[in-house]
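Asks: Below you'll find the structure I mean.
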Amino acid sequence: MFVKEYTAEIERRLAVSSFPFDISLNGVQIGAPDKELRKAAFAVDASFDTIDAAVREGADVLVVHHGLFWGSPIAITDNHYRRVKRAIDGGLTLLAVHLPLDAHPLYGNNAQMAMTLGMTSFDPFGEYKGVSVGYKGHLPFPMTIPEIARLLGFSSDTGMQVLKFGKDMIDTVGIISGAAGDDVEYAIKDDLDLFITGVVPHEVFHTVKENGMNLLAGGHYRSEVFGVKALMRMTEKEMGVPSFFIDAETGL
């Protein structure tokens with residue numbers, strides 16, 4: 001399999017073309033498309049450290065949730081230059097999938113968190129520019145917030161924050177990864193017991209408190225390791241490509 005065949009398949013599976021409004025430049029951001037794919041790397045963020053690790057370990061492609069290009073084009077200078085140059089010098093293709101990897105019902109961050117909690121069925125939840133990116137549903141049995149956090153790998157080391165103003169035992173949850181604290185409004189509207197996200201802005205505190213809601217923010221990074229890890233497992237199992245995850249925890 002060539003790199004270009006692999007990246008095309010990932011873009012197809014994640015329906016990347018269905019998210020033209022995403023500020024991320026989804027798809028191949030740096031490419032050596034005619035190279036044979038022998039090894040794949042996965043990470044949450046494209047940074048010099050993750051690109052360098054991918055090159056040092058002999059990866060031909062690095063798949064990330066947060067790429068290098070957002071919105072308007074930026075000059076390739078300074079730190080940005082070092083990142084791009086390291087990838088090019090190493091013959092590394094960089095593939096970024098942002099909202100498509102949040103929203104996907106199988107490989108997405110939110111669906112994967114739901115499955116990690118043992119949820120066997122869940123419904124679309126929340127909305128961004130007319131598209132649902134999160135999921136909601138019932139837990140397999142009532143749990144406490146600490147139990148849920150432990151299952152998801154959330155802790156003080158990952159930047160976890162808990163706002164507890166609702167039920168002690170959680171039955172229904174809504175999940176939107178990343179910087180989605182403002183979307184707690186959807187959980188309140190749907191009368192859910194708990195909203196799970198990555199980070200929460202200060203002003204959301206009073207909304208959560210005044211509505212008797214619970215909110216679990218596990219850290220932006222930690223809430224978004226699920227999707228790239230799911231793609232990694234699929235790449236190994238279905239495509240037979242040796243793959244590895246680069247854990248570059250930010251604690252945020």
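Going by the working numbering, the sequence shown opens with residue 1, and the numbers climb by one from there.
By construction, the Cβ of each residue, glycine as well, lies at the ideal position given by its N, Cα and C atoms.
For the alpha helix (DSSP H) containing proline 142, name the first residue and the last one.
Replies: Premise fails: proline 142 lies in the beta strand (DSSP E), 134-143, not in any alpha helix (DSSP H).
Asks: Is the stretch 31-41 in contact with the stretch 190-200, if contact means three or more CB pairs nearer than 8 Å?
Replies: Too few Cβ pairs lie closer than 8 Å, so no.
Asks: Can you grab the Cα-Cα spacing for the pair proline 140 / proline 105, in whole Å?
Replies: 18 Å
Asks: Below 8 Å, can you find three or more Cβ-Cβ pairs linking the stretch 225-242 to the stretch 41-52?
Replies: yes
Asks: Grab the span of the alpha helix (DSSP H) containing asparagine 110 for me, first residue to last.
Replies: 109-116
Asks: Using the C-alpha atoms, what's the distance from glycine 137 back to glutamate 127?
Replies: 16 Å
Asks: Looking only at C-alpha atoms, which of Ser155, Glu57, Gly91 sits nearest to glycine 218?
Replies: Ser155
Asks: Could you pull out every residue in the same chain whose Cβ sits closer than 8 Å to the Cβ of valine 84, ignoring the five residues on either side in sequence?
Replies: Ile30, Leu68, Ile76
Asks: For proline 201 and leucine 163, what's the separation of their Cα atoms in angstroms?
Replies: Each residue's alpha carbon lies about 12 Å from the other.
Asks: Let me check understanding here. Comparing Cα to Cα, which of Gly178, Asp193, Thr158 lies closest to methionine 169?
Replies: For methionine 169, the nearest C-alpha among the options comes from Asp193.
Asks: So the alpha helix (DSSP H) glycine 130 belongs to, where does it begin and stop?
Replies: Here glycine 130 belongs to no alpha helix (DSSP H), and DSSP marks it neither H nor E.
Asks: Along the chain, where does the alpha helix (DSSP H) containing phenylalanine 227 start, and where does it finish?
Replies: It is worth fixing the name first, because residue 227 is glycine in this sequence and not phenylalanine. 226-239 is the span of the alpha helix (DSSP H), which, as asked, contains glycine 227.
Asks: Going by DSSP, which residues form a beta bridge with serine 243?
Replies: Ala40
Asks: Considering only C-alpha positions, which residue in the set Glu57, Arg56, Phe48, Val61 is nearest to glycine 27?
Replies: Val61
Asks: Quick check on the burial criterion: 16 or more other C-beta atoms within 10 angstroms. Buried or exposed for leucine 99?
Replies: buried
Asks: Hey, could you find the ends of the alpha helix (DSSP H) alanine 8 is sitting in?
Replies: 3-13
Asks: When burial is assigned at 16 or more other CB atoms within 10 Å of the CB, is glycine 134 buried or exposed?
Replies: buried
Asks: Where does tyrosine 81 land, buried or exposed, given buried means 16+ other C-beta within 10 angstroms?
Replies: exposed
Asks: Starting from the Cα of aspartate 247, find the closest Cα among Val208, Val3, Val225, Ile175 and give me that residue.
Replies: Val225
Asks: Asparagine 26 by DSSP, collapsed to three states: which one?
Replies: DSSP places asparagine 26 in coil when its eight states are reduced to three.
Asks: Looking at the secondary structure, which residues open and close the alpha helix (DSSP H) in which isoleucine 188 lies?
Replies: Isoleucine 188 -> alpha helix (DSSP H) spans 184-189.
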